[in-house]
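Input: a single structure, listed below in structure tokens.
Chains as they are written, first to last, in this note's numbering: chain A, 1 to 202; chain B, 203 to 432.
Dropping the structure here:
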């Protein structure tokens, strides 16, 4: 039971937002806040590849041009950051992870996304399949800014946004679940915003 | 809440005596949750300003005029009030004496808060790691912990970007690669760098350090704010 904060009325209440779209403890922002643990990497597109490796029969990879030539989707989704902000109706363009995994044979049940700069995050394979995850390179009709993860980031909007790894370069399919970067620094292993799974133990 | 300290016209330190507090690492933060009488809640994260060795837990909060939680904390909270905290949180943007140095801290505005914790910790344990703080502020009036910073045994370099007092001998320009090259240890000495501040500030500082030859893996960043209304 939370103590009442004397004199606090809550000036941030929004009557223009459908409350059923806001997970517990989140507030809606029109901005696009930036959070990252280190400097923004700048990989040249001619050196960029996206790879699927690990517990697969045959690793696959795409160059930038090859990835851009794959069928793309433009999706509108709400995103929720563990630092409490949510942003509604964000518009992303990219390749569905289903498309990338279409020809991959695996018995793995887990995925680690790895990135330029050394960032990693872990997810159940089923959370990046079934039309629930993309490798996104466009935001709001423009190329994705480096600060927001460009040239491409993972987009897994149904989980807290640290799972949508910036500067993603590949997916490692794994039999076991290996905690990623924030997951080893006290953040929740799964990160469902609707269950407010912010930190380990939630 | 035990005490409220004015730091600058827009910044106050909130001195807390939380029950069941099991300590923290320098650089960690807490979540603060406010609850209105009708049950409405709002929560935000704030860096811890005190060292693990300090008697009380201190948060230093800048009032953001369009904010929801910070105006309450800076303007409404009174000694004796209860505050709901969760934490400490975060295990990456932390410094312990065993982490070593040389330690280069680069702060923009209220980004200096976690560095106060680190520098007080360094002083409290008598660490011999060299430490240097480069702190960018709009004006001298807005420098947080101004008196204390002189007495922490750290090499502090201030840059005042908007307004410099008469006779100012410190820097008077925005942080860029030239200024960082002047202040930072050379890349060969492999300083451990922490950068904290608004997004645009952190972006410039961290990118400049990488361009100067510093190892990106030795640069830790913490940012607040947005890139704008996109």
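Just so it is clear, CB atoms sit at the ideal spot from N, CA and C, and this is done for glycine as well.
Going by beta-carbon coordinates alone, are residue i and residue j separated by less than 8 Å?
i                      : j                      : result
residue 307 of chain B : residue 295 of chain B : no
residue 151 of chain A : residue 137 of chain A : yes
residue 351 of chain B : residue 385 of chain B : no
residue 160 of chain A : residue 97 of chain A  : no
residue 363 of chain B : residue 376 of chain B : yes
residue 112 of chain A : residue 180 of chain A : yes
residue 227 of chain B : residue 290 of chain B : yes
residue 73 of chain A  : residue 134 of chain A : yes
residue 117 of chain A : residue 38 of chain A  : yes
residue 310 of chain B : residue 338 of chain B : yes
residue 175 of chain A : residue 51 of chain A  : no
residue 388 of chain B : residue 426 of chain B : no
residue 7 of chain A   : residue 242 of chain B : no
residue 252 of chain B : residue 263 of chain B : no
residue 279 of chain B : residue 232 of chain B : no
residue 13 of chain A  : residue 78 of chain A  : no
residue 23 of chain A  : residue 237 of chain B : no
residue 40 of chain A  : residue 409 of chain B : yes
residue 258 of chain B : residue 222 of chain B : no
residue 162 of chain A : residue 121 of chain A : yes
residue 49 of chain A  : residue 87 of chain A  : no
In chain order, what residues of the same chain lie with their CB nearer than 7 Å to the CB of residue i, ignoring the 5 residues before and after it?
i                      : result
residue 186 of chain A : 199 and 200
residue 284 of chain B : none
residue 153 of chain A : 136, 144, 164, 165, 166, 167 and 168
residue 413 of chain B : 379
residue 202 of chain A : 188 and 196
residue 344 of chain B : 210
residue 155 of chain A : 92, 94, 133, 134, 136 and 164
Whole angstroms are fine: how far does the CA of residue j sit from the CA of residue i?
i                      : j                      : result
residue 381 of chain B : residue 392 of chain B : 18 Å
residue 346 of chain B : residue 297 of chain B : 20 Å
residue 330 of chain B : residue 60 of chain A  : 50 Å
residue 109 of chain A : residue 101 of chain A : 13 Å
residue 46 of chain A  : residue 127 of chain A : 30 Å
residue 230 of chain B : residue 250 of chain B : 6 Å
residue 124 of chain A : residue 325 of chain B : 44 Å
residue 267 of chain B : residue 422 of chain B : 28 Å
residue 209 of chain B : residue 313 of chain B : 14 Å
residue 119 of chain A : residue 419 of chain B : 10 Å
residue 204 of chain B : residue 282 of chain B : 6 Å
residue 183 of chain A : residue 158 of chain A : 17 Å
residue 354 of chain B : residue 139 of chain A : 45 Å
residue 115 of chain A : residue 70 of chain A  : 20 Å
residue 431 of chain B : residue 107 of chain A : Caution applies to residue 431 of chain B, whose pLDDT of 34 falls short of 50 and renders its modelled position unreliable; the value that the coordinates give is listed next. The straight-line gap from Cα to Cα measures roughly 43 Å.
residue 194 of chain A : residue 63 of chain A  : 36 Å
residue 132 of chain A : residue 240 of chain B : 36 Å
residue 141 of chain A : residue 178 of chain A : 34 Å
residue 333 of chain B : residue 103 of chain A : 53 Å
residue 66 of chain A  : residue 15 of chain A  : 45 Å
residue 99 of chain A  : residue 269 of chain B : 42 Å
Apart from the five residues just before and just after residue i, which ones in its own chain have a Cβ nearer than 6 Å to its Cβ?
i                      : result
residue 265 of chain B : 212, 272, 273 and 276
residue 33 of chain A  : 85
residue 57 of chain A  : 105
residue 76 of chain A  : 89 and 91
residue 415 of chain B : 389
residue 424 of chain B : 295 and 398
residue 433 of chain B : Absent from the model: residue 433 of chain B. The displayed extent of chain B is 203 to 432, so no value can be given.
residue 358 of chain B : 335 and 351
residue 225 of chain B : 254
Apart from the five residues just before and just after residue i, which ones in its own chain have a Cβ nearer than 8 Å to its Cβ?
i                      : result
residue 42 of chain A  : 146
residue 327 of chain B : 255 and 299
residue 302 of chain B : 331 and 394
residue 374 of chain B : 361, 362, 363 and 366
residue 206 of chain B : 214, 215, 216, 217, 279, 280 and 281
residue 383 of chain B : 414
residue 68 of chain A  : 137
Taking only beta-carbon positions, decide if residue i is within less than 8 Å of chain D.
i                      : result
residue 216 of chain B : Absent here is chain D; the protein component of the structure consists of chains A and B.
Does at least one heavy atom of the ligand SAM sit under 7 Å from the Cβ of residue i?
i                     : result
residue 45 of chain A : With respect to the ligand SAM, the structure offers nothing, as it holds no ligand at all.
Give the list of continuous alpha helix (DSSP H) stretches no shorter than 4 residues that lie fully inside the segment 11-83 of chain A. 64-69
Is the number of C-beta pairs between the segment 320-335 of chain B and the segment 364-372 of chain B that are closer than 8 Å three or more? no
Sequence ranges, beta strand (DSSP E) only - wholly within the segment 92-127 of chain A, length at least 3: 110-115 and 120-124
The segment 241-260 of chain B contacting the segment 165-179 of chain A, beta-carbon criterion three pairs below 8 Å: no
Minimum length 3: unbroken beta strand (DSSP E) runs contained in the segment 248-303 of chain B: 259-264 and 286-291
Sequence ranges, beta strand (DSSP E) only - wholly within the segment 373-409 of chain B, length at least 3: 394-400
If you scan the segment 154-196 of chain A from start to end, which runs of the alpha helix (DSSP H) of 4 or more residues do you find wholly inside it? 181-184
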